[in-house]
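According to this note's numbering, the sequence shown is numbered sequentially starting from 33. These notes are about the structure you will find just below.
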Amino acid sequence: MALVSPEVLSGLARLVRGFAGLELPAWVVESKAGARMTALSLDGPGYLSLVESGRGASELGRLVEALRVGETRFFRHKGQLDAVLEVVAPRWREAGTQRPKVWSAGCATGEEPYTLAMVLARALPAPAYRASILATDVSEEALATASRRRYPAEALAHVPPPFLDSFVVSEGEAEVRREIAGAVRFERHNLASAPPGRGFHLVFCRNVLIYFEPEERRRALERIVDALAPGGALFLGYSETLRDVAGLAPVQVGAHTLWLRSGGEPPSSRDVPRDAPASVPRSLARPSAPVAAPRTSRTVRASAASALSRELSEALKSEGLEVLTVELDAAELLDDDAAVVLRRAGAAARASGVDLRLVAGREVTLRWLRRHGLGGGAP
Ligand SMILES: C[S@@+](CC[C@H](N)C(=O)[O-])C[C@H]1O[C@@H](n2cnc3c(N)ncnc32)[C@H](O)[C@@H]1O
């Protein structure tokens, strides 16, 4: 592989940053650029002047293609998907938002926007609701893979059982069903440029801006916030913070902190947690936990593991409770965590003399219960 001088390296790094906002370690640039030089039989200065020249625009694109990190998977960061299911989608329902606009920015090979399509199709069923998801990335290669909708069957490893029917599996491949994929439109877009639309109710831009140079990140975030509708929600990756971003306000809803674009309908004081700013729209600021009333029997319809945990412990505190029924068919994200929650609730119920009944009718839920040894009534 060709040796790259510090001058050439810093020239290439500047071009990559200017084009896509990316700031990558010098050794990464050196190894990827070195490989391109070898492929083109060019030395360092020759390669730099090619990339700098008008003729080199496509080569700069190719270099960015080689440098970008495209790691992703279905149902990544499940806690955020819980928040979409438990807080964001119900608030859209409440506000009558029947055509929510979603942007998956930096969507890589499509797992993220398809996951959103699966989750939203359950939370907001057609024909009453129809979410449209714009999925963008700077990489043509990633978008081409995304548009094929086909993934190795191992990609299903992180998909919760109730969502497996969103795929057709054959010959070691899992294909996202057309009905699900229909909600997603792929488009090439560079986050270092103007946004591809406006008025988004939800933006996922996860694990993209961590690779950006700080000033480019700030500018990209400003543009993203601008593209949100007032009250629209923004999610970044787990290791990224939104604390320093103007125009966004944190709202604590149950276990979730949502970052919403300021502006829109002002909330009533009853709806807003004490530390939330006054400009948060009412539809997304209302605490979701219902107030428990004493009764002898209760039914919990879970939507996800974290909600299940909260609702069960709340229900088990009800005075004089004798029977607690858990309807599991409504649960969207039944995973290992949910099984642990149910086992713990079983132990707590036994200790307080409550009859915990698990109710399921869907084959996929029954299979999940059997797999976790929860099939025979109360755990
Ligand atoms: C690590 S992946 C994240 C995928 C997905 N959002 C997730 O969290 O699973 C980062 C993606 O950001 C894309 N990307 C990097 N720079 C970009 C830019 N300037 N504009 C748009 N996308 C970019 C990369 O091509 C890559 O596909």
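Even glycine gets a Cβ: it sits at the ideal position worked out from N, Cα and C. Just so we're clear, the structure is a prediction, and the values are computed from it rather than from any experiment.
Element boundaries [beta strand (DSSP E), containing residue i]
i	result
S136	133 to 137
V386	It is not in any beta strand (DSSP E) - V386 carries neither H nor E in the DSSP assignment.
L234	232 to 236
F199	199 to 202
Y183	182 to 184
Q284	280 to 285
F218	216 to 220
H288	288 to 293
Continuous alpha helix (DSSP H) stretch holding residue i: start and end
i	result
V61	58 to 72
F267	No alpha helix (DSSP H) contains F267, which is instead part of the beta strand (DSSP E) from 260 to 267.
R49	38 to 52
A213	210 to 213
Residue i in three-state terms, based on DSSP
i	result
P159	coil
D169	strand
R333	strand
V257	helix
V355	strand
E207	strand
S225	coil
S164	strand
A308	Confidence at A308 is low in this model, with a pLDDT of 29, below 50, so its placement is unreliable and no value can be given for it.
L398	helix
Proximity test, residue i beta-carbon vs ligand 1 heavy atom, cut-off 7 angstroms
i	result
A167	no
L54	yes
V240	yes
Y243	yes
L388	no
V170	yes
A45	no
E103	yes
E144	yes
H404	no
H288	no
R293	no
L356	no
H221	yes
R108	yes
A224	yes
A98	no
G93	no
A265	no
G269	yes
A174	yes
Check: residue i C-beta below 7 angstroms from any heavy atom of ligand 2
i	result
A140	Among the ligands present in this structure, namely ligand 1, ligand 2 is not found.
Counting only runs of 4+ residues fully inside the segment 76 to 126, write out the alpha helix (DSSP H) ranges in chain order. Counting whole runs of 4 or more residues, the segment 76 to 126 contains the alpha helix (DSSP H) stretches 76 to 84, 89 to 99, 110 to 115.
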